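**Student:** Can you keep this structure in mind? I'll have questions shortly.
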Amino acid sequence: MTTTVAAYAAPAPKAPLERTTITRRAVGEHDVLIEIKFAGICHSDIHQVNEDWGQSPFPMVPGHEIAGIVTEVGSGVTRHAVGDRVGVGCFVDSCRECANCLAGMEQYCKNGTPTYPAGHDGQPTYGGYSTHIVVDENYVLRIPEGIGLDVAAPLLCAGVTLYSPLSHWQAGPGKKVAIVGLGGLGHMGVKIAKAMGAEVTVLSQSLRKQEDGLRLGADHFHATSDPATFTELAGTFDLIVSTVSAPVDLDAYLGLLAVDGTLVNVGVPAEPNSIRMFSLIMGRKSLAGSMIGSIRETQDMLDFCAAHGFGAEIETIGVEQINDAYKRVLDSDVRYRFVIDIATFAA
Ligand code: NAP
Ligand code: ZN
Numbered sequence: 001m002t003t004t005v006a007a008y009a010a011p012a013p014k015a016p017l018e019r020t021t022i023t024r025r026a027v028g029e030h031d032v033l034i035e036i037k038f039a040g041i042c043h044s045d046i047h048q049v050n051e052d053w054g055q056s057p058f059p060m061v062p063g064h065e066i067a068g069i070v071t072e073v074g075s076g077v078t079r080h081a082v083g084d085r086v087g088v089g090c091f092v093d094s095c096r097e098c099a100n101c102l103a104g105m106e107q108y109c110k111n112g113t114p115t116y117p118a119g120h121d122g123q124p125t126y127g128g129y130s131t132h133i134v135v136d137e138n139y140v141l142r143i144p145e146g147i148g149l150d151v152a153a154p155l156l157c158a159g160v161t162l163y164s165p166l167s168h169w170q171a172g173p174g175k176k177v178a179i180v181g182l183g184g185l186g187h188m189g190v191k192i193a194k195a196m197g198a199e200v201t202v203l204s205q206s207l208r209k210q211e212d213g214l215r216l217g218a219d220h221f222h223a224t225s226d227p228a229t230f231t232e233l234a235g236t237f238d239l240i241v242s243t244v245s246a247p248v249d250l251d252a253y254l255g256l257l258a259v260d261g262t263l264v265n266v267g268v269p270a271e272p273n274s275i276r277m278f279s280l281i282m283g284r285k286s287l288a289g290s291m292i293g294s295i296r297e298t299q300d301m302l303d304f305c306a307a308h309g310f311g312a313e314i315e316t317i318g319v320e321q322i323n324d325a326y327k328r329v330l331d332s333d334v335r336y337r338f339v340i341d342i343a344t345f346a347a
């Protein structure tokens, strides 16, 4: 039987979000029903509502940083049980047969199903700003004991989006890693890169967040508004991960890489970026992108964070504060992830 549940949705592009109800599909043989406890606000939610990346279906219920408790399982479910603490990230299905799925990189499935906005079996999918969600058990993660569900929620996107490139490009002892932008993604990048053993530098627009950056584990902190940063640090880094949600001066950041260094861009601005080819050629440098992470990597990341005793730094809000929180994210005024307390739907 389908269920009707409370949700927060944007009725149209760029419109403020408002309370509504949505239908969740019946719990199938391999599905779990999750009572959502917390949902993180990712900058991608805002890009999607604003149609920064092209047309989207509306009404849209954003939210792909979901943490909650399993309340029902289908008859064929083996991976999760009622009462389990679980999470759901940016996708809820994949084709399971393309080369990328078979290689364990479901995030690059050519036919995957994002948590939102997408269709699944002819029905629209809706994200985590709601009280419940039904998801195939294979796309549901275990949240280890020791991480609160509130601070775990942002790990499902922000955490894995940094963990995946940091592990792929082997951040670790002896490596100099820079994280550009200290927001939701960036602050997880600092924590994870530090826990992997790298020497970590934050490159932020100003020194406003310096104290926080150092507390989160950064060894160094520099302002990108100061031109001296780009001369002092020229040729320094093995790996730079840019989490900036706006276009950046790629040439300037490539200039900070050592020979053979890699600049990985995970931010997805609405506008295109240009680059001078000399910036790559002079030093055999690489410019790369990376999108979230696989189911395996997401579980590894959750276990890694639990082993190191950290989750995200969050500011918990009620559902009525979602529109304010969107404005504050756009103003870079978030320390460092807004997490919606879904219990406030009942208020
Ligand atoms: P966020 O919390 O808003 O953080 C972005 C940070 O970038 C800000 O805190 C700010 O850091 C810096 N920034 C913002 N505007 C800037 C500007 N005009 N110039 C320079 N720096 C600026 O956002 P988020 O949730 O971390 O997401 C960041 C981006 O990653 C978004 O575009 C999002 O869509 C994308 N994303 C990608 C993936 C993926 O799979 N690749 C996954 C999730 C999100 P400072 O104040 O420190 O300068
Ligand atoms: Zn996200």
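The numbers in the working numbering rise by one with no breaks, and the one at position 271 of the sequence shown is 271.
Glycine is no exception: its CB is placed at the ideal position from the N, C-alpha and C atoms.
The model shown is predicted, which means the values in this text are computed figures rather than measured ones.
Of all the beta strand (DSSP E) runs that stay within the bounds of the segment 108 to 167, which reach a length of 3 or more residues?
**Tutor:** 118 to 120, 123 to 125, 132 to 136
**Student:** Can we count H187 as close to the ligand ZN, meaning its CB is less than 7 Å from some heavy atom?
**Tutor:** no
**Student:** Could you check if C157 belongs to the surroundings of the ligand NAP, using beta carbon to heavy atom distance under 7 Å?
**Tutor:** True, at least one ligand heavy atom lies under 7 Å from that Cβ.
**Student:** Does DSSP classify K194 as helix, strand or coil?
**Tutor:** helix
**Student:** Which residues in the same chain have their Cβ closer than 7 Å to the Cβ of F345, if we skip the five residues on either side of it in sequence?
**Tutor:** A6, T131, V319
**Student:** Would you report the Cα separation of I34 and T78, rounded to the nearest angstrom?
**Tutor:** Distance between I34 and T78, taken at the CA atoms: about 15 Å.
**Student:** Any heavy atom of the ligand ZN closer than 7 Å to the Cβ of S44?
**Tutor:** yes
**Student:** Does the pairing of the segment 18 to 31 with the segment 66 to 76 give three or more beta-carbon distances under 8 Å?
**Tutor:** yes
**Student:** Is the closest heavy atom of the ligand ZN to the C-beta of C90 under 7 Å?
**Tutor:** Within the cutoff, so yes.
**Student:** Which term fits Q48, buried or exposed, when burial requires 16 or more other beta carbons within 10 angstroms of its beta carbon?
**Tutor:** For Q48, the number of other beta carbons within 10 angstroms of its own is at least 16, and it is reported as buried.
**Student:** When the Cα atoms are used, what is the spatial distance from L155 to M1?
**Tutor:** 31 Å
**Student:** Between I292 and the ligand NAP, is there a pair consisting of the residue's CB and a ligand heavy atom that are separated by less than 7 Å?
**Tutor:** yes
**Student:** Quick one: what does DSSP say T78 is sitting in, helix, strand or coil?
**Tutor:** coil
**Student:** In this structure, does DSSP put Y336 in helix, strand or coil?
**Tutor:** coil
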